[in-house]
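Numbering (UniProt numbering), first residue to last: 1 to 260. These notes are about the structure you will find just below.
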Amino acid sequence: MRLKCAVIQMDIAFGQPESNMAMVERKIADAATNNPDVIVLPELWTTGYDLPRLDEIADSDAATVKAFMAKLARQYGVHIIAGSVAERNAAGTWNTLLAFNSHGEQVGEYRKVHLFRLMDEEKYLQPGERMGSFELAGIPCAGVICYDIRFPEWIRKHVVAGAHVLFVVAEWPMPRLSHWRNLLITRAIENQCYVVACNRVGSDPNNTFAGHSLIVDPWGEIVVEAGADEQTLFAEIDLDQVTHIRKQIPIFTDRRPDLY
Ligand SMILES: O=C(O)CCC(=O)C(=O)O
């Protein structure tokens, strides 16, 4: 089975959900002209890291974004990994990844588990408690958010649960670009899965972001990689490669969870 991916690497207007939604609507319409099977957006694309204003600008129950993404998925007949958004309810605010299938049905919801202190997430957000596994048209997938890729045990848990494609949505800063690239490639090699990673570009008052969205195959080869400007990446991935490589080097048979 093959999956045509479109990864929307974009700038984000700081703390301006309405203008970001208008921009995303245009970018999805443009990407859809290439007939992708799945479109991927970055982390916190409605608000950026305007965390002190989340009470005002977070989406209540993520209801606005959910309706908006479901409509676009249906309209273009495309799966959408709707990046993550600030989702608020009476109990708190979360950094939440949402996934929709091409019928506009929500198939995934993952609240970021590892909060990133360097960007004050723990001061404004609640940590998630659940895994990010979901299925897209029969393909077992997982979605995680940015800092999560530094936690190999967490990614492994999703792969052991079945994931063949790991979607990563991020706002990863430029000074650690080499970590971003190396961690993504390593997660792909050690888990023998595809990694489809979407980062933002541009700057906010505190950080400049690295871009370099990329797709890595289960052998650790880069299928496609963006630079540091706005760009939509397109690539088709071949899911049979996951099975093939797992047969060639059977790490899931050979691993010793009884020892570690
Ligand atoms: O781990 C890093 O260096 C970046 C993480 C990050 O920016 C985030 O989780 O938002």
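C-beta atoms are modelled at their ideal positions from N, C-alpha and C, and glycine is treated no differently.
Is it right to say residue i is buried, meaning 16 or more other beta carbons lie within 10 angstroms of its own, or is it exposed?
{"i": "H79", "result": "buried"}
{"i": "T33", "result": "exposed"}
{"i": "I249", "result": "exposed"}
{"i": "R187", "result": "buried"}
{"i": "H164", "result": "buried"}
{"i": "G77", "result": "exposed"}
{"i": "Q75", "result": "exposed"}
{"i": "S213", "result": "buried"}
{"i": "W94", "result": "buried"}
{"i": "I251", "result": "exposed"}
{"i": "P17", "result": "buried"}
{"i": "A29", "result": "exposed"}
{"i": "M69", "result": "buried"}
In terms of residue numbering, what span does the beta strand (DSSP E) encompassing residue i cover?
{"i": "R88", "result": "H79 to N89"}
{"i": "I8", "result": "R2 to Q9"}
{"i": "W94", "result": "G92 to F100"}
{"i": "F234", "result": "Q231 to D238"}
{"i": "residue 262", "result": "The requested residue 262 does not occur in the structure, where the chain is confined to residues 1 to 260."}
{"i": "G170", "result": "The sequence as given places Ala at residue 170; Gly does not occur at that position. That run of the beta strand (DSSP E) goes V165 to A170."}
Beta carbon of residue i: closer than 8 Å to some heavy atom of ligand 1?
{"i": "L118", "result": "yes"}
{"i": "A170", "result": "yes"}
{"i": "R176", "result": "yes"}
{"i": "E121", "result": "yes"}
{"i": "P42", "result": "no"}
{"i": "R187", "result": "no"}
{"i": "R181", "result": "no"}
{"i": "P205", "result": "no"}
{"i": "Y110", "result": "no"}
{"i": "Y124", "result": "no"}
{"i": "C146", "result": "yes"}
{"i": "R150", "result": "yes"}
{"i": "P257", "result": "no"}
Which whole-angstrom value is the C-beta distance of residue i and residue j, which I expect to be below 8 Å?
{"i": "V85", "j": "L98", "result": "7 Å"}
{"i": "G143", "j": "F167", "result": "4 Å"}
{"i": "E230", "j": "D11", "result": "6 Å"}
{"i": "E87", "j": "D55", "result": "About 13 Å separates the two Cβ atoms, so there is no contact after all."}
{"i": "Y194", "j": "I222", "result": "Actually they are not in contact, since the Cβ atoms of Y194 and I222 sit about 11 Å apart, beyond 8 Å."}
{"i": "G108", "j": "G138", "result": "That belief does not hold up - the Cβ atoms of G108 and G138 are roughly 14 Å apart, past 8 Å."}
{"i": "E171", "j": "L44", "result": "6 Å"}
{"i": "A210", "j": "L183", "result": "Actually they are not in contact, since the Cβ atoms of A210 and L183 sit about 12 Å apart, beyond 8 Å."}
{"i": "C198", "j": "L41", "result": "6 Å"}
Grab the span of the alpha helix (DSSP H) containing residue i for me, first residue to last.
{"i": "R181", "result": "L177 to N191"}
{"i": "F252", "result": "I251 to D254"}
{"i": "V201", "result": "Element bounds for V201: n/a, residue is neither H nor E."}
{"i": "I149", "result": "Note, I149: premise wrong, no alpha helix (DSSP H); not H, not E."}
{"i": "V24", "result": "P17 to A32"}
{"i": "I57", "result": "L54 to I57"}
{"i": "Y110", "result": "Taken as a continuous stretch (DSSP letters only), Y110 belongs to no alpha helix (DSSP H), being part of the beta strand (DSSP E) at Q106 to R111."}
Are the C-beta atoms of residue i and some chain C residue less than 9 Å apart?
{"i": "I222", "result": "Looking at the structure shown, chain C is missing, and only one protein chain is on hand."}
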